[in-house]
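Following: one structure in structure tokens, then a few remarks.
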Amino acid sequence: MKVVIIGAGIIGVTSAYFLAKAGCEVTVLERHPGPAQETSFANAGQISPGYSAPWAAPGIPMKAVKWLLSRHSPLVVRPKLDTAQWLWMLKMLGNCTETAYHRNKARMVRVAEYSRDVLEELRQQTGIEYNHRTQGTLQVFRYAKQMDGMHKDIDVLKQFGVNYEVLDRDGCVAVEPGLQRVREKITGGLRLPHDETGDCRMFTIALARLAREMGVTFKYGTEVKTVLHEAGRVTGIATQHGDITGDAYILAAGSLSVRLAKTVGIHLPIYPVKGYSINVPIDNEDEAPRSTLMDETYKVAITRLGDTVRIGGTAELNGYASGLPDSRRDTLLHSFRGLFPNVGTPDNTSLWAGFRPMTPDGTPIIGGTALSNLFLNTGHGTLGWTMSCGSARVITDIIMKKTPDIDVSDLVYPRIKAA
Ligand SMILES: Cc1cc2nc3c(=O)[nH]c(=O)nc-3n(C[C@H](O)[C@H](O)[C@H](O)COP(=O)(O)OP(=O)(O)OC[C@H]3O[C@@H](n4cnc5c(N)ncnc54)[C@H](O)[C@@H]3O)c2cc1C
Numbered sequence: 219m220k221v222v223i224i225g226a227g228i229i230g231v232t233s234a235y236f237l238a239k240a241g242c243e244v245t246v247l248e249r250h251p252g253p254a255q256e257t258s259f260a261n262a263g264q265i266s267p268g269y270s271a272p273w274a275a276p277g278i279p280m281k282a283v284k285w286l287l288s289r290h291s292p293l294v295v296r297p298k299l300d301t302a303q304w305l306w307m308l309k310m311l312g313n314c315t316e317t318a319y320h321r322n323k324a325r326m327v328r329v330a331e332y333s334r335d336v337l338e339e340l341r342q343q344t345g346i347e348y349n350h351r352t353q354g355t356l357q358v359f360r361y362a363k364q365m366d367g368m369h370k371d372i373d374v375l376k377q378f379g380v381n382y383e384v385l386d387r388d389g390c391v392a393v394e395p396g397l398q399r400v401r402e403k404i405t406g407g408l409r410l411p412h413d414e415t416g417d418c419r420m421f422t423i424a425l426a427r428l429a430r431e432m433g434v435t436f437k438y439g440t441e442v443k444t445v446l447h448e449a450g451r452v453t454g455i456a457t458q459h460g461d462i463t464g465d466a467y468i469l470a471a472g473s474l475s476v477r478l479a480k481t482v483g484i485h486l487p488i489y490p491v492k493g494y495s496i497n498v499p500i501d502n503e504d505e506a507p508r509s510t511l512m513d514e515t516y517k518v519a520i521t522r523l524g525d526t527v528r529i530g531g532t533a534e535l536n537g538y539a540s541g542l543p544d545s546r547r548d549t550l551l552h553s554f555r556g557l558f559p560n561v562g563t564p565d566n567t568s569l570w571a572g573f574r575p576m577t578p579d580g581t582p583i584i585g586g587t588a589l590s591n592l593f594l595n596t597g598h599g600t601l602g603w604t605m606s607c608g609s610a611r612v613i614t615d616i617i618m619k620k621t622p623d624i625d626v627s628d629l630v631y632p633r634i635k636a637a
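When you read off a place in the sequence shown, starting at 1, and then add 218, the result is the number in the numbering used here.
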């Protein structure tokens, strides 16, 4: 079977790899000159099934008001004359109920847990290198109230058999000795020992190389203009280099999937939620983080990647606005220096921004569409790296008409099992 994939981010490349492994003839169309040059370029490096949770949660509307008034806010909203932005925010608010949160978190954990297992198998089979570590993640709480709030999440972790450890201050320092210097600032933490970390870009580039060796064709520098369709089927993909045809098509174009889906009348509820990251080369190994820490107060992820620390965060609702304001870097560094004051000097040139392809319920969109041979693997939002291998394996099974290993009936769009 000939499969055409739009997008060579982490989602498109993992899809290409698993489809090639299943015996398909795969072509990937990418407008950039190589893989992982958009949102998969410099994310925070967490493979975090245990931390998988929608941003739409009970209490978020109140917190949002408080955040918008604070200097180092995890949330930035720039209201625009754009119905897509307002509709998305309304739908997200609609998901801030207990019921929706529990349902959405359960979906995310299911995909992410599966994905981590698929990644582990892939790693064993290929020996792929991407500066990975398998030392878990630690959600750090600075306030007692945050510790109280963690119990809802623990219910879902229990439901899915996800291992976790509730730690006091000493427990946090034992896992991340670099926190010793600031121990008084910490109340406790939630450790997810089976979470992992790694460089998403390095992985995507290495996997694209493996996929090419397996026969996948990557057409870089190829901008998709529109998806061609007739009589309920996609008939081809129009690019500036001509039309590309196949038997099945996957839209894996990150936040830009919205524009391409529109060309076939599909309106995806995905909004580009901008985030930022920065690197700090490590000068002081003794006090450096060992794995990923999630600073719950600022919603900033601090991840060890080789001899560097990657710090990522901020949710900015501002359309596709380009720009790298100093204030965003300051917030990331404020969180990092608060926990690791003595690790190294930030590489200020590394400030980067990417657009998370975010659905209002936080869950990715994986599955078929009204067009019989068009499939979606997109909308992975905050955790596309975490969910990539599982999502790719699932979409491969769907296309190959095999039953996926996990329930995916509630991942299609429109959601059919929404409460
Ligand atoms: C600051 C930040 C931190 C993050 N941290 C984490 C983390 O720690 N862990 C985690 O799991 N996730 C994290 N994420 C989320 C994760 O990075 C994304 O979910 C993931 O990269 C999305 O991958 P993708 O392949 O869907 O999209 P992309 O990487 O954006 O890839 C889509 C590709 O499609 C191509 N494309 C689009 N339109 C066209 C067209 N018309 N023609 C041709 N090509 C096209 C684009 O050029 C792009 O290469 C983070 C994101 C940000 C911004």
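Idealized CB from N, CA, C, for every residue including glycine.
When the options are compared against residue i, the one with the closest alpha-carbon
{"i": "Q303", "options": "N595, K492 and A466", "result": "K492"}
{"i": "G608", "options": "G483, G345 and E331", "result": "E331"}
{"i": "K598", "options": "S258, I224 and L550", "result": "Looking at the sequence provided, one finds His at residue 598 rather than Lys. It is S258."}
{"i": "K517", "options": "Q377, H350, G396 and P272", "result": "P272"}
{"i": "L638", "options": "L397, F558 and L535", "result": "Residue 638 lies beyond the residue range present for the chain, which begins at 219 and ends at 637; the question has no answer from this structure."}
{"i": "D579", "options": "R249, C314 and K239", "result": "C314"}
{"i": "D465", "options": "E248, T453, H459 and Y631", "result": "T453"}
{"i": "M280", "options": "L293, L486 and H485", "result": "L293"}
{"i": "A571", "options": "Q458, S495, R249 and V561", "result": "S495"}
{"i": "I346", "options": "I468, T232 and P582", "result": "T232"}
{"i": "A519", "options": "R321, E414, Q343 and C242", "result": "E414"}
{"i": "I404", "options": "V222, L557 and A240", "result": "L557"}
{"i": "R325", "options": "F378, Q342 and I372", "result": "F378"}
{"i": "E366", "options": "G407, E339 and V327", "result": "It is Asp, not Glu, that sits at residue 366 in the sequence shown. Of the candidates G407, E339 and V327, the one whose C-alpha sits nearest the C-alpha of D366 is G407."}
{"i": "I278", "options": "V295, L299, H369 and L311", "result": "L311"}
{"i": "R574", "options": "P276, T317, P543 and I228", "result": "I228"}
{"i": "T463", "options": "V246, A240, G241 and K370", "result": "V246"}
Residue i, DSSP secondary structure in three states
{"i": "R387", "result": "helix"}
{"i": "A466", "result": "strand"}
{"i": "T621", "result": "coil"}
{"i": "W603", "result": "helix"}
{"i": "Q303", "result": "helix"}
{"i": "Y438", "result": "coil"}
{"i": "I404", "result": "coil"}
{"i": "A636", "result": "Unreliable positioning characterises A636 in this predicted model, as indicated by a pLDDT of 46, which lies under 50. A coordinate reading is not provided."}
{"i": "P487", "result": "coil"}
{"i": "K298", "result": "coil"}
{"i": "R528", "result": "strand"}
{"i": "K207", "result": "The structure shown does not extend to residue 207, since the chain is modelled only from 219 through 637, so no value can be given for it."}
{"i": "T444", "result": "strand"}
{"i": "I500", "result": "coil"}
{"i": "A539", "result": "coil"}
{"i": "S495", "result": "strand"}
{"i": "M280", "result": "helix"}
{"i": "T355", "result": "strand"}
{"i": "V336", "result": "helix"}
{"i": "Q264", "result": "strand"}
{"i": "P395", "result": "helix"}
{"i": "G345", "result": "coil"}
Any non-hydrogen atom of ligand 2 within 7 angstroms of residue i CB
{"i": "N502", "result": "For the structure depicted, ligand 2 is absent and the ligand set comprises only ligand 1."}
Environment of residue i [buried if 16+ CB atoms lie within 10 Å]
{"i": "K323", "result": "buried"}
{"i": "V283", "result": "exposed"}
{"i": "D623", "result": "exposed"}
{"i": "R289", "result": "exposed"}
{"i": "A637", "result": "With a pLDDT of 39 at A637, under the threshold of 50, the modelled position of that residue is not reliable, and the figure given next carries that caveat. It is exposed - the Cβ of A637 has fewer than 16 other Cβ atoms within 10 Å."}
{"i": "N497", "result": "buried"}
{"i": "T621", "result": "exposed"}
{"i": "L337", "result": "buried"}
{"i": "G460", "result": "exposed"}
{"i": "Q264", "result": "buried"}
{"i": "E394", "result": "buried"}
{"i": "Y538", "result": "exposed"}
{"i": "F595", "result": "This sequence places Asn at residue 595; Phe is not what is there. Its Cβ being crowded by 16 or more others within 10 Å, N595 is buried."}
{"i": "M605", "result": "buried"}
{"i": "P297", "result": "exposed"}
{"i": "G541", "result": "exposed"}
CB contact check: residue i to chain B, cutoff 8 angstroms
{"i": "D504", "result": "Checking the listed chains, one finds no chain B in this structure; it contains a single protein chain."}
Would you call the region 608-622 and the region 572-587 touching, i.e. three or more CB-CB distances under 8 angstroms?
The region 608-622 vs the region 572-587: in contact.
With contact counted as at least three CB pairs below 8 angstroms, one residue from each stretch, are the region 254-268 and the region 412-429 in contact?
Taking 8 angstroms as the limit for Cβ pairs, the verdict is that the region 412-429 does touch the region 254-268.
Are the region 382-395 and the region 426-436 in contact at 8 angstroms, needing three or more beta carbon pairs?
The region 382-395, when compared against the region 426-436, does not touch it at the 8 angstroms Cβ threshold.
Any 3 or more C-beta pairs closer than 8 angstroms across the region 455-474 and the region 517-527
As far as the Cβ criterion goes, the region 455-474 does not touch the region 517-527, which means the pair count is below three.
Counting pairs of Cβ atoms below 8 angstroms between the region 345-362 and the region 436-447, do you hit three or more?
By the Cβ rule, the region 345-362 does not count as touching the region 436-447, because fewer than three pairs are nearer than 8 angstroms.
Contact between the region 344-357 and the region 498-514: three or more CB pairs below 8 angstroms?
Three or more beta-carbon pairs separated by less than 8 angstroms link the region 344-357 to the region 498-514, which places the two stretches in contact.
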